[in-house]
Amino acid sequence: LQDIFLFCAVWSIGASCDADSRPKFSRWFIGHGEDMGFDRTLLRMNTSGCVYEMCCAPFEVEDSQVPGYKWTKWLDTVPHFEIPRNAAYDAIVVPTIDSIQLTHVMGKLVTAGNHALIFGNTGTGKSIHTAQWLQKEAPETHQSVFVNFSAQTHVNQLQDLIDSKT
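Below is the structure:
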């Protein structure tokens, strides 16, 4: 349970850190772990010193309905990626540590019935990775509507589009 709590703390409190602040937050978080009453899990979870490079991944425990959790690298949580021979260039989406983190945390929020606000720099793949997750992995109870906005988009156009999908 402690590992899950630590993971959630990193991805709630520490999620708002920008790239320059993440190493500082990692050092603080690891350095104060024992002061907060945690065992040396924080130090074992990552030898590189960055709490953002690891995730708390479930694994099956023999003779138990409840999974165990272990710290592992984000990139080790997804299958090996190969580009299909006939793939169109504009259809190739290569998983990165950032996209894996984004879709994992967003997926946990959405499947638990919570809203997710996805923000970040322009051109980092937020829209494509979110759309890809919604199309391939979202629960069947979710219906997605993709809308492109411009300076010319009116609120009535958005309302008409949403109404036409329901």
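Each residue of the sequence shown is one higher than the one before, counting from 8 in my numbering.
We put the beta carbon where it would ideally sit given N, CA and C, even for glycine.
Straight-line CA distance for residue i to residue j?
| i | j | result |
| --- | --- | --- |
| residue 78 | residue 105 | 17 Å |
| residue 31 | residue 131 | 22 Å |
| residue 81 | residue 38 | 22 Å |
| residue 28 | residue 22 | 10 Å |
| residue 163 | residue 155 | 14 Å |
| residue 17 | residue 70 | 30 Å |
| residue 12 | residue 20 | 11 Å |
| residue 66 | residue 94 | 33 Å |
| residue 84 | residue 63 | 10 Å |
| residue 159 | residue 143 | 31 Å |
| residue 96 | residue 75 | 39 Å |
| residue 167 | residue 57 | 46 Å |
| residue 92 | residue 86 | 18 Å |
| residue 145 | residue 161 | 29 Å |
| residue 147 | residue 45 | 38 Å |
| residue 176 | residue 124 | Outside the modelled stretch of the chain, which goes from 8 to 173, sits residue 176, for which no answer is possible. |
Apply the 10 Å Cβ neighbour rule to residue i and answer buried if 16 or more other Cβ atoms are within range, or exposed otherwise.
| i | result |
| --- | --- |
| residue 61 | buried |
| residue 33 | buried |
| residue 35 | exposed |
| residue 165 | exposed |
| residue 43 | exposed |
| residue 153 | exposed |
| residue 14 | buried |
| residue 73 | exposed |
Which residue wins for smallest C-alpha separation from residue i, given the options the options?
| i | options | result |
| --- | --- | --- |
| residue 141 | 155, 113 and 163 | 113 |
| residue 169 | 157, 20, 150 and 159 | 150 |
| residue 24 | 59, 14, 8 and 9 | 59 |
| residue 41 | 9, 66 and 72 | 9 |
| residue 26 | 75, 96, 159 and 128 | 128 |
Quick check: the region 103-119 against the region 132-148, are there 3 or more CB pairs under 8 Å?
yes
Inspect the CB distances between the region 118-126 and the region 96-105 and report whether three or more fall short of 8 Å.
no
3-residue-minimum beta strand (DSSP E) runs that sit fully inside the region 25-94, ordered along the chain
61-66 and 75-80
Segments assigned alpha helix (DSSP H), at least 4 residues, entirely inside the region 119-147
Taken in chain order, the whole alpha helix (DSSP H) runs of length 4 or more contained in the region 119-147 are 133-143.
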